[in-house]
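Just below is one structure, and these are the notes that go with it.
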Amino acid sequence: SDEGIYAWVIANYAVGSLGGDPLQTTGIVELGGASAQVTFVSSEHVPPELSRTITYGNVSYTIYSHSFLHLGQNEAHQKLWELHNSAANTTEDEIVADPCTPKGYTYGKNSHKDSSRILAKESRLTGSLQAAGNYSKCRSATFAMLQEGNENCAYEHCSIGSTYTPDLQGHFFATSNFYYTSTFFELHEKDWLAEMIPAGKRYCKEEWSKLKETYPTTKEEYLVGYCFSSAYIISMLHDSLGFALNDGRIEFASKAGEKKIPLDWALGAFILQTSREFSDNSGKSRKMVGFGNVAKFKI
Numbered sequence: 036s037d038e039g040i041y042a043w044v045i046a047n048y049a050v051g052s053l054g055g056d057p058l059q060t061t062g063i064v065e066l067g068g069a070s071a072q073v074t075f076v077s078s079e080h081v082p083p084e085l086s087r088t089i090t091y092g093n094v095s096y097t098i099y100s101h102s103f104l105h106l107g108q109n110e111a112h113q114k115l116w117e118l119h120n121s122a123a124n125t126t127e128d129e130i131v132a133d134p135c136t137p138k139g140y141t142y143g144k145n146s147h148k149d150s151s152r153i154l155a156k157e158s159r160l161t162g163s164l165q166a167a168g169n170y171s172k173c174r175s176a177t178f179a180m181l182q183e184g185n186e187n188c189a190y191e192h193c194s195i196g197s198t199y200t201p202d203l204q205g206h207f208f209a210t211s212n213f214y215y216t217s218t219f220f221e222l223h224e225k226d227w228l229a230e231m232i233p234a235g236k237r238y239c240k241e242e243w244s245k246l247k248e249t250y251p252t253t254k255e256e257y258l259v260g261y262c263f264s265s266a267y268i269i270s271m272l273h274d275s276l277g278f279a280l281n282d283g284r285i286e287f288a289s290k291a292g293e294k295k296i297p298l299d300w301a302l303g304a305f306i307l308q309t310s311r312e313f314s315d316n317s318g319k320s321r322k323m324v325g326f327g328n329v330a331k332f333k334i
């Protein structure tokens, strides 16, 4: 996806690897609200429909990049809610447990004027859902959702759904909601994946009323999602993509490099477009104004 490519560009620009050895670059895994992106250079043969080639300076990069639509944090959470609700409508049981929502939460009665689309859509729910707050069951439910369609995989293996993902190579930045959830739980950058599980377990089993007391300045639209996101992150990165829980190659981040450049895909788009515009002057040093200072780069 273009967004994934641009995020990859700004990440490698920030750490100084853009224009260097392709296999020494940094990959990106991004968990947005509507979609998730996975982008990195692989030494494996990547199907052409899942690869992009870009040139920066005298170096060409063949990059695996895929946007997993509707698997961003907000849309995936909403989808899981609706799956539980659908199950409640097709079963004789009056109540269906929702393991990804803290106990005591009442659907459709927690909206505020500034609430997210998730809370606004709660009115669709029939009231047959019961918040159960069980991390292990939430993790299983989110993993099952990520594996939907895996039986239709046309490749040697598919990590998420029916989409091929090469074996992970190199260092990675985990951005957007990976970063927000990790900082909310105050996880350490080195062991954050391993720490996410006990943090999620503690959070999921807590009563909703207690969570609101503990985090009085956090909007309810965010509070209600952290049980889900703590399980979803592990299901995606560890259970599906295969990052080890103690994998030092992946760190959560919103900025990178000595200059702490924001990992904003729009900045990556600017860099790539600028390099293309000056490609006829290859090898000359140009000044790029931005990021709060003047940075030089070779094109």
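If you're matching positions, the sequence shown starts at 36 in my numbering and goes up one per residue.
By construction, the Cβ of each residue, glycine as well, lies at the ideal position given by its N, Cα and C atoms.
Straight across, the Cα-Cα distance linking residue 98 with residue 134 is about 37 Å. Within the segment 48 to 107, complete beta strand (DSSP E) segments of at least 3 residues are found at 61 to 66, 70 to 76, 86 to 91 and 94 to 104, given in chain order. If you look at residue 179, you'll find it in the alpha helix (DSSP H) that goes 170 to 181. Annotation: residue 190 to residue 59 spans about 26 Å, alpha carbon to alpha carbon. In the DSSP annotation of this structure, the continuous segment of the alpha helix (DSSP H) that includes residue 308 starts and ends at 300 to 312.
Per DSSP, residue 164 lies in no alpha helix (DSSP H); the unbroken beta strand (DSSP E) holding it starts and ends at 164 to 166.
Judged by pairs of C-beta atoms under 8 Å, the segment 105 to 114 does not touch the segment 229 to 242, as fewer than three such pairs exist. With fewer than 16 other beta carbons inside 10 angstroms of its own, residue 94 counts as exposed.
Excluding the 5 residues flanking it on each side, residue 229 has same chain C-beta neighbours closer than 8 Å at 280 and 281, in chain order.
With at least 16 other beta carbons inside 10 angstroms of its own, residue 303 counts as buried. Rounded to whole angstroms, the gap between the alpha carbons of residue 138 and residue 219 is 20 Å. Of all C-beta pairs linking the segment 173 to 185 to the segment 73 to 83, fewer than three are shorter than 8 Å, placing the two stretches out of contact. Here residue 273 is buried: its Cβ has 16 or more other Cβ atoms, across all protein chains shown, within 10 Å.
Remark: C-beta atoms of residue 49 and residue 298 approach each other more closely than 8 Å.
In this structure, the straight-line span from the alpha carbon of residue 43 to that of residue 63 is close to 6 Å.
For residue 268, the three-state secondary structure derived from DSSP is helix. With a 10 Å radius around the Cβ and a threshold of 16 neighbouring Cβ atoms, residue 233 comes out exposed.
If you look at residue 286, you'll find it isn't in any alpha helix (DSSP H); it sits in the beta strand (DSSP E) that goes 285 to 287. For residue 286, same chain residues with a beta-carbon under 6 Å away, outside a window of 5 residues either side, are 224 in chain order.
When C-beta atoms of the segment 288 to 295 are compared with those of the segment 196 to 216, three or more pairs fall below 8 Å, so the two segments count as touching.
A Cβ-Cβ separation of about 4 Å places residue 54 in contact with residue 92 under the 8 Å criterion.
Here DSSP, grouped into helix, strand and coil, assigns residue 223 to coil. If you ignore the 5 residues before and after residue 177, its C-beta comes within less than 6 Å of the C-beta of 266, 267 and 270, all in its own chain and listed in chain order. Distance check between residue 192 and each of 77, 132 and 276 places 276 closest, using alpha-carbon atoms only.
A direct Cα-to-Cα measurement between residue 169 and residue 136 gives close to 8 Å.
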